[in-house]
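Enquirer: For reference, the structure I am asking about is given below.
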Amino acid sequence: MKYLDPIKKFFKNKKHIEAIVLAVIFIIVIAVSASRVRKLRQGAASGDASAKNAFILTDASGNSTQKSTVYKKEKRNSNLHDLLTEYYKYYADGNTSKIESVASPVSDMEKSYIKFMGSLIDSYDIKEIYTKDGAEKGARFVSVYEQIHFKGLKSAAPGLDFFYVEKDKSGGLHINNLYSSFNQTNKENDMDPKVVSAIASFEEQKDVVSLQTKVQKEYNEISLSDKKFESFMSKTFPAKVKAWQLKYRKEAEKAEAAARKKAAEKAKKKAAEDKKKAEEAKKKAEEAKKKSDSDKKSKDTSESTKPKGDQYKTTTETNLRKSDSVKSDIIKTLKKGTTVTKKGTKGKWLKVSYKGKTGYIRKEYVKKVKSAKKSDSSSSDKSKKKSSSEKKSSSDKKKSSDKKKSSDKKKSKAKGPKAGKTIMLMDTYNIRKSPSSSAKRIHLAYKGEKVTVISNQSDGWTKVACSGKIGYIKTEYLK
Numbered sequence: 004m005k006y007l008d009p010i011k012k013f014f015k016n017k018k019h020i021e022a023i024v025l026a027v028i029f030i031i032v033i034a035v036s037a038s039r040v041r042k043l044r045q046g047a048a049s050g051d052a053s054a055k056n057a058f059i060l061t062d063a064s065g066n067s068t069q070k071s072t073v074y075k076k077e078k079r080n081s082n083l084h085d086l087l088t089e090y091y092k093y094y095a096d097g098n099t100s101k102i103e104s105v106a107s108p109v110s111d112m113e114k115s116y117i118k119f120m121g122s123l124i125d126s127y128d129i130k131e132i133y134t135k136d137g138a139e140k141g142a143r144f145v146s147v148y149e150q151i152h153f154k155g156l157k158s159a160a161p162g163l164d165f166f167y168v169e170k171d172k173s174g175g176l177h178i179n180n181l182y183s184s185f186n187q188t189n190k191e192n193d194m195d196p197k198v199v200s201a202i203a204s205f206e207e208q209k210d211v212v213s214l215q216t217k218v219q220k221e222y223n224e225i226s227l228s229d230k231k232f233e234s235f236m237s238k239t240f241p242a243k244v245k246a247w248q249l250k251y252r253k254e255a256e257k258a259e260a261a262a263r264k265k266a267a268e269k270a271k272k273k274a275a276e277d278k279k280k281a282e283e284a285k286k287k288a289e290e291a292k293k294k295s296d297s298d299k300k301s302k303d304t305s306e307s308t309k310p311k312g313d314q315y316k317t318t319t320e321t322n323l324r325k326s327d328s329v330k331s332d333i334i335k336t337l338k339k340g341t342t343v344t345k346k347g348t349k350g351k352w353l354k355v356s357y358k359g360k361t362g363y364i365r366k367e368y369v370k371k372v373k374s375a376k377k378s379d380s381s382s383s384d385k386s387k388k389k390s391s392s393e394k395k396s397s398s399d400k401k402k403s404s405d406k407k408k409s410s411d412k413k414k415s416k417a418k419g420p421k422a423g424k425t426i427m428l429m430d431t432y433n434i435r436k437s438p439s440s441s442a443k444r445i446h447l448a449y450k451g452e453k454v455t456v457i458s459n460q461s462d463g464w465t466k467v468a469c470s471g472k473i474g475y476i477k478t479e480y481l482k
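Encoded structure:
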């Protein structure tokens, strides 16, 4: 197995993996070393597992449970045999929609790879299927010893595949594709560390290693006796895989550019619509103001029959407005203690005059100035009213301060990169389906990848386009 040493070194270089990792994946599957690839990724497993001992899991109550480590040979025409026969038929045909009926999830990248492989393979021939108890109840670790018939090759390539098979809701068998060699290498979808650890332990068991050695020996013998086979597997096939990957990346970049363009056009259209709505709203407001001013002139006589001319003082800093609405224009901001003359009342508002200007002030922000005749009131009453006024003033100040803080907080939340801006990521981040850390990850964006900003949200998330997909990323990562 000396020829596998360069492959092992290759996998230790992560940057190299990102370049043509898939070419190596399939060579290793054919060379019966899929388990060794997983050993290089054994960071999720805790401790060293013995090849001679059973692996230990923990059940829901915290008790350890020992699983069987003895290979069970599967009979032909069993439900599992039928499931895997279907899987390999669809794989050889490049039929990804059918594959999804027996295995899931299957990413867009893996679908493209399956279609590519379908163009090179005639068929798969299952020789033997072996199983062991899986990491969870009803699940099974499955080793499939098969022969792969490539188009144009006389000799079939011996291979050893791994599957993690579970029962679905109806009790039927289904392949959990999270633990396929493809996803374990590319990590497009998150895996359960406990299952990954159990798989690593399974791969080290004596009978599993023995089966690997058996198929490896067969592969070596064919490579030595069939030069065309050896040349295809060591040169032609890796070159084809690399060409596929370059094509896939080019298509992904093209899709990303199209998504950016579409997002920019959508943002531009929305901006135009918002501008139009704002202009229409402004026009309506002006028309409403004209009507309101006209109505006020006719209603001034009925606003109040009480004597006018009473003096009031502001109990806090407040605004003198053009009409009886907090949305109306501010004539002047009056300081605490400013004296105004009452002209009338309207609901919760006082109509007042100040230095030749007439406007409206909320009643709770002023107090009436008592005349000299009424100043003979008891000191106790004055003290109570003063206390009440001071409390009210303090309350008003607090409300004003709280409103300002709330406004400042909302403004700070809205900060972020502008829509349409393209940003290069400084690290590897998750792009999620919705603005939540618990939402499904739809793409893993690597350091150096570019994202295009679609819109900012006040909850700390930004909507972006990346690698042909639209999702959400934390705003703080976009610097």
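In the numbering used here, the protein residues as written are 4 to 482.
Glycine residues also receive a C-beta, built at the ideal position from the N, C-alpha and C atoms.
Among all the DSSP beta bridges, which residues are the ones paired with Y93?
Expert: In the sequence shown, counting from the first residue as 1, residue 93 sits at position 90. DSSP lists no partner for Y93.
Enquirer: What are the partner residues of V105, as DSSP defines its beta bridges?
Expert: If you number the sequence shown from 1, residue 105 lands on position 102. DSSP lists no partner for V105.
Enquirer: Do I333 and K360 have their beta-carbon atoms positioned less than 9 Å apart in this structure?
Expert: If you number the sequence shown from 1, residue 360 lands on position 357. If you number the sequence shown from 1, residue 333 lands on position 330. Not a contact, by the Cβ cut-off of 9 Å.
Enquirer: What is the DSSP secondary structure of P161, counted as helix, strand or coil?
Expert: Within the sequence shown, the letter at position 158 stands for residue 161. Here P161 sits in strand by DSSP.
Enquirer: Quickly, what does DSSP pair L86 with across the bridge? List them, please.
Expert: For the purposes of this step, residue 86 is identified with residue 83 of the sequence shown, where counting begins at 1. The partner list for L86 (beta bridge, DSSP) is empty, contrary to what the question assumes.
Enquirer: What separation, rounded to the nearest whole angstrom, lies between the Cα atoms of K325 and G362?
Expert: For the purposes of this step, residue 325 is taken as the residue at position 322 of the sequence shown. For the purposes of this step, residue 362 is taken as the residue at position 359 of the sequence shown. About 5 Å.
Enquirer: Buried or exposed: S440, going by 16 or more other Cβ atoms within 10 Å of its Cβ?
Expert: Translated into positions along the sequence shown, residue 440 becomes position 437. S440 is exposed by the Cβ-count criterion.
Enquirer: When burial is assigned at 16 or more other CB atoms within 10 Å of the CB, is M236 buried or exposed?
Expert: Looking up residue 236 in the sequence shown gives position 233. By the 10 Å Cβ count, M236 comes out buried.
Enquirer: What residue range is occupied by the uninterrupted alpha helix (DSSP H) comprising G121?
Expert: Position 118 of the sequence shown, counting from 1, holds the residue named residue 121. From DSSP, the alpha helix (DSSP H) with G121 extends over D111 to G121.
Enquirer: Give the DSSP bridge partners of K279, in chain order.
Expert: The sequence position of residue 279 within the sequence shown is 276, counting from 1. DSSP lists no partner for K279.
Enquirer: Please identify the residue among E113, T88 and R143 whose C-alpha is closest to the C-alpha of V105.
Expert: If you number the sequence shown from 1, residue 105 lands on position 102. If we check each option's Cα against that of V105, T88 comes out closest.
Enquirer: Would you report the Cα separation of Y315 and K371, rounded to the nearest angstrom?
Expert: Taking the first residue of the sequence shown as position 1, residue 315 is located at position 312. Taking the first residue of the sequence shown as position 1, residue 371 is located at position 368. If I take the Cα positions, the gap works out to 4 Å.
Enquirer: So, is Y449 buried or exposed, given that buried needs 16 or more other C-beta atoms within 10 angstroms?
Expert: Locating residue 449 in the sequence shown gives position 446, counting from the first residue. It is exposed - the Cβ of Y449 has fewer than 16 other Cβ atoms within 10 Å.
Enquirer: Quick one: Cα of Y93 to Cα of N82, how far?
Expert: Sequence index remark: in the sequence shown, residue 93 carries index 90 (1-based). Sequence index remark: in the sequence shown, residue 82 carries index 79 (1-based). So the alpha carbons of these two residues sit roughly 17 Å apart.
Enquirer: Among T321, I117, H446 and K466, which has the Cα closest to the Cα of F185?
Expert: As a position in the sequence shown, residue 185 is number 182, starting the count at 1. When only C-alpha atoms are compared, the closest one is I117.
Enquirer: Below 8 Å on the Cβ atoms is my guess for A262 versus G471; work out the distance and round it to an integer in Å.
Expert: The residue you call residue 262 lines up with position 259 of the sequence shown. The residue you call residue 471 lines up with position 468 of the sequence shown. Yes, they are in contact, since the Cβ atoms of A262 and G471 sit about 6 Å apart, within 8 Å.
Enquirer: Using three-state DSSP, classify M236 as helix, strand or coil.
Expert: Walking along the sequence shown from the start, residue 236 turns up at place 233. Helix, per DSSP.
Enquirer: Work out the CA separation of E367 and T478 for me, nearest whole Å.
Expert: Here residue 478 is taken as the residue at index 475 of the sequence shown, counted from 1. Here residue 367 is taken as the residue at index 364 of the sequence shown, counted from 1. Roughly 42 Å separates the two Cα atoms.
Enquirer: Taking 6 Å as the limit between beta carbons, can you name the residues of its chain near S226, skipping five residues before and five after?
Expert: Along the sequence shown, one-based indexing puts residue 226 at 223. Once the five neighbours on either side are set aside, the close Cβ partners of S226 are E233.
Enquirer: Among residues of its own chain, excluding the 5 on either side of D313, which ones have a beta-carbon nearer than 8 Å to its beta-carbon?
Expert: As a working mapping, residue 313 is identified with position 310 in the sequence shown. Excluding residues within five positions, the ones whose Cβ falls inside 8 Å are T344, K345, K371 and V372.
Enquirer: What separation, rounded to the nearest whole angstrom, lies between the Cα atoms of P196 and L86?
Expert: By one-based count along the sequence shown, residue 196 stands at place 193. By one-based count along the sequence shown, residue 86 stands at place 83. In a straight line, the C-alpha of P196 is about 26 Å away from that of L86.
Enquirer: Taking Y475 and S437 to be in contact with their CB atoms under 8 Å, please state how far apart those CB atoms are, rounded to whole angstroms.
Expert: Working through the sequence shown from its first residue, we reach residue 475 at position 472. Working through the sequence shown from its first residue, we reach residue 437 at position 434. Y475 to S437, Cβ: 6 Å. Contact.
Enquirer: Using a Cβ-Cβ cut-off of 8 Å (strictly less than) and excluding sequence neighbours within five positions of Y127, which residues of its own chain qualify?
Expert: Numbered from 1 along the sequence shown, position 124 holds the residue referred to as residue 127. Same-chain partners within the cutoff: Y91, K92, Y94, A95, E149, Q150, I151 and H152.
Enquirer: At what residues does the beta strand (DSSP E) containing K346 begin and finish?
Expert: Locating residue 346 in the sequence shown gives position 343, counting from the first residue. Counting along the chain, the beta strand (DSSP E) containing K346 begins and ends at T342 to K349.
Enquirer: Can you name the residues that DSSP bridges to R324?
Expert: As a working mapping, residue 324 is identified with position 321 in the sequence shown. Answer is I333 and Y363.
Enquirer: Per DSSP, Y480 forms a beta bridge with which residues?
Expert: Counting from one through the sequence shown, the residue named residue 480 turns up at place 477. DSSP output for Y480 lists no bridge partner at all.
Enquirer: How would you write the range of the alpha helix (DSSP H) that E149 sits in, first residue to last?
Expert: As a first step, residue 149 must be located in the sequence shown, where it is residue number 146. It is not in any alpha helix (DSSP H) - E149 instead sits in the beta strand (DSSP E) that spans R143 to F153.
Enquirer: Can you list, in chain order, the stretches of the beta strand (DSSP E) that have 3 or more residues and sit fully within the segment 422 to 451?
Expert: Whole beta strand (DSSP E) segments, 3+ residues: 425 to 427, 432 to 435 and 444 to 448.
Enquirer: According to DSSP, is L156 part of a helix, a strand, or is it coil?
Expert: Reading the sequence shown from its first residue, position 153 is the one you call residue 156. Reduced to three states, the DSSP call for L156 is coil.
Enquirer: Specify, as a first and last residue, the run of the beta strand (DSSP E) that Y315 falls within.
Expert: As a working mapping, residue 315 is identified with position 312 in the sequence shown. Residues Q314 to T317.
Enquirer: By how many angstroms is the C-alpha of K170 removed from the C-alpha of I59?
Expert: The sequence position of residue 59 within the sequence shown is 56, counting from 1. The sequence position of residue 170 within the sequence shown is 167, counting from 1. The pLDDT assigned to I59 is 36, lower than 50, so where the model puts this residue is not dependable; a value taken from the coordinates is nonetheless given after this. Straight-line Cα distance between these residues: approximately 21 Å.
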